[in-house]
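Chemist: Sharing a structure here in structure tokens format.
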Amino acid sequence: MSEEVKEKKGFFNKLVEGLTKTRNNIVSGIDAIFSGFSKIDEDFYEELEEILIMGDLGVKATEEILDSLRQKVKEQHIKDPAECKQLLIDSIKEQMQVENTAYRFEEVTSVVLVIGVNGVGKTTTVGKLAGKLKSQGKKVVIAGADTFRAAAGD
Ligand SMILES: Nc1nc2c(ncn2[C@@H]2O[C@H](COP(=O)(O)OP(=O)(O)OP(=O)(O)O)[C@@H](O)[C@H]2O)c(=O)[nH]1
Ligand SMILES: [Mg+2]
511 MSEEVKEKKG FFNKLVEGLT KTRNNIVSGI DAIFSGFSKI DEDFYEELEE
561 ILIMGDLGVK ATEEILDSLR QKVKEQHIKD PAECKQLLID SIKEQMQVEN
611 TAYRFEEVTS VVLVIGVNGV GKTTTVGKLA GKLKSQGKKV VIAGADTFRA
661 AAGD
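Residue numbers for the sequence shown follow the numbering used here, beginning at 511 and rising by one.
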């Protein structure tokens, strides 16, 4: 076996390790907040903000998620942090919604870039998208743009 294989495995393992750490930090951070705080106050929101930003959600998305959470907590008169875990999940889901008009590629010639870490389902999703568009009578060209491995062309 060559050096190259060892090197690739090392790189992949490092990637998985890095992402696992990020994921664990967010999950354990959020769990700690919901069990560690006895009331919903500014400290609680500040801690939550820090965890979301450190989890790479971005400053703008984090602010919008927290605004929506604050509003829900107020409207529903929630006092217990444990009760607002589901509200946080709802707020994050809301943030991920996109309008129907967000993708104009259904009407004009467009490029769709699909990006993600290894094995998350890019190729499968690309195949599904291409199949759907083709069945609508559109012309589709698929190109692999992997940096160190040619994508599964077939
Ligand atoms: N459960 C589940 N499995 C999926 C889904 N999409 C893809 N898979 C499976 O996940 C595995 C990886 O899918 P790929 O589409 O090859 O992922 P990829 O991101 O192109 O992978 P690389 O090109 O190797 O980085 C395959 O076994 C798929 O069948 C999904 O939506 N749900
Ligand atoms: Mg692939």
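We treat Cβ as the ideally placed atom computed from N, Cα and C, and that holds for glycine. Small disclaimer: the values here were computed from a predicted structure and weren't measured.
(1) Just the Cα atoms here: how many angstroms apart are G637 and K649?
(2) On a Cα-Cα basis, can you pick out the residue from E557, E585, V630 that is closest to E573?
(3) Leaving out the 5 sequence neighbours to the left and right, which residues in its chain are closer than 8 Å to N657 when beta-carbon positions are compared?
(4) Skipping 5 residues on each side, what residues in its chain have a beta carbon closer than 6 Å to that of S601?
(5) Assign N523 to one of two classes, buried (16 or more other C-beta atoms within 10 Å of its C-beta) or exposed (fewer than that).
(6) Expressed to the nearest angstrom, what Euclidean distance is found between the alpha-carbon atoms of I536 and G647?
(7) When burial is assigned at 16 or more other CB atoms within 10 Å of the CB, is V569 buried or exposed?
(8) Output the residue ranges of the alpha helix (DSSP H) runs that lie fully inside the stretch 543 to 613 and measure 4 residues or longer, sorted by chain position.
(9) Cβ-heavy atom distance between K632 and ligand 2 below 7 Å?
Modeler: Result, derived from the coordinates:
(1) Rounded to the nearest whole angstrom, the C-alpha separation of G637 and K649 is 13 Å.
(2) Restricting attention to E557, E585, V630, the CA atom closest to the CA of E573 is found in E557.
(3) For clarity, residue 657 is Thr in the given sequence; the question names Asn instead. Same-chain partners within the cutoff: there are none.
(4) I575, S578, L579
(5) exposed
(6) 43 Å
(7) By the Cβ neighbour-count rule, V569 is exposed, with fewer than 16 other Cβ atoms within 10 Å of its own.
(8) 552 to 564, 569 to 585, 595 to 606
(9) yes
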